[in-house]
Amino acid sequence: VASAIADQGATRMSQPHETVLPTPSAWWRDHFKDNRTHFDHVPWDKCSITPDEARAIARSIAEFQLGESSEGKHLIHEARRHADAASDADYALAMSYFIAEENSHALALGRFMDAAALPRKRRTFSDSVFRLLRKGMGLEVSISVLITAELIAQVYYQALRDATQSPALRAICEQILTDERMHIRFQSERLAILQRYRARTGLRLGELARRVLMAGTLPVVWLGHRRALRRGGFGPVAFCRACWACYRVSERLADPAGYDWPDVAPDPA
Ligand SMILES: [Fe+2]
Ligand SMILES: [Fe+2]
């Protein structure tokens, strides 16, 4: 998955003589808008799973389903403020469609859970912590917290896909993985935009904070979801390795030095 995210970036990043800029907001707006029928192909009549499979994934899938269902009010509010300040109205629209896409993940997972007789959750500790972390923070911190969750999701949904034999759940996870790859790109590029005037020391401090957040989150996620992750083929080491591989790609996309900003003097270094 990390290499798939990297491939999307590679074609743009490996052409030093061509002007490379983050993907325009209008493109993201259209992308999220056009992607709304993405679960139509799921074989909804093939949701049944074995009792063993259910025991391994029940608690875990309920937490992720809840996490995907956030209304993102704070994020949309911050995105609007930024869009107004930057005269980038399409960004606010793109963010609204992005939240709708996350909610469509919650709907698809919820539909599967109902069909497979897996109980839903209304509130979990980790979901509350993530929501609290994002509240009251500016756009940059909110996106940083969100990216941490999305990078871990990239590995989690691979495990969930392989944890059962249900063709419906496999199709849902494949689609979520495709969507999340683009989410990571969307959010990482915005971090680059937000940080483009920052001096090198400030950039490195931001990276350090994101790494600390990631390093602190991984053991918590592992402990809370280890049954599903193990069933999907990830031990603790493989899980952390895969998450950090995705993280490195996101970090490169979020580095303003990877783009040719028309309004920023090139760094002599
Ligand atoms: Fe999602
Ligand atoms: Fe996402």
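Counting with my numbering, you get residues 494 to 762 for the letters of the sequence shown. Even for Gly, the Cβ is constructed at its ideal location relative to N, Cα and C.
Please classify residue i as buried or exposed, where buried requires at least 16 neighbouring CB atoms within 10 angstroms.
| i | result |
| --- | --- |
| GLU564 | exposed |
| THR641 | buried |
| ARG693 | exposed |
| PRO509 | With a pLDDT of only 45 at PRO509, under the threshold of 50, the placement of this residue in the model should not be trusted, and no figure is reported. |
| PRO544 | exposed |
| ALA714 | Position check: residue 714 holds Val in this sequence, whereas Ala was assumed. VAL714 is buried by the Cβ-count criterion. |
| GLY560 | buried |
| THR657 | buried |
| LEU625 | exposed |
| PHE618 | exposed |
| ALA549 | buried |
| GLY725 | buried |
| ARG616 | exposed |
| ALA721 | buried |
| ARG741 | exposed |
| VAL622 | exposed |
| VAL638 | buried |
| ASP672 | buried |
| ALA576 | buried |
| ARG574 | exposed |
| ALA579 | exposed |
| ARG529 | exposed |
Measuring only from the beta carbon, is residue i closer than 8 angstroms to any heavy atom that is part of ligand 1?
| i | result |
| --- | --- |
| HIS598 | yes |
| GLU561 | yes |
| ILE686 | no |
| ILE554 | no |
| ILE669 | yes |
Determine the contact status of residue i and residue j, defining contact as a CB-CB distance below 9 angstroms.
| i | j | result |
| --- | --- | --- |
| ALA747 | SER681 | yes |
| VAL535 | ALA601 | yes |
| GLU556 | HIS718 | yes |
| ARG678 | THR516 | yes |
| LEU687 | GLU633 | yes |
| SER562 | GLY603 | yes |
| PHE591 | ALA652 | no |
| ILE645 | LEU716 | no |
| ARG654 | LEU662 | yes |
| SER597 | HIS531 | yes |
| ARG443 | PRO749 | No information on residue 443 is available, as it lies outside the stretch 494 to 762 that the chain covers here. |
| ILE636 | LEU568 | yes |
| GLN647 | LEU670 | yes |
| VAL513 | ASP753 | yes |
| ASP581 | SER518 | yes |
| ALA547 | ALA609 | yes |
| ALA664 | LEU611 | no |
Just to check, is the beta-carbon of residue i closer than 8 angstroms to a non-hydrogen atom of ligand 3?
| i | result |
| --- | --- |
| PHE618 | As far as ligands go, the structure on display features ligand 1 and ligand 2 and does not contain ligand 3. |
Counting by C-beta, which residues lie closer than 7 angstroms to a heavy atom of ligand 2, in chain order?
GLU595, GLU643, ALA646, ASP672, GLU673 and HIS676
Does the stretch 521-529 come close enough to the stretch 696-703 to have 3 or more Cβ pairs within less than 8 angstroms?
no
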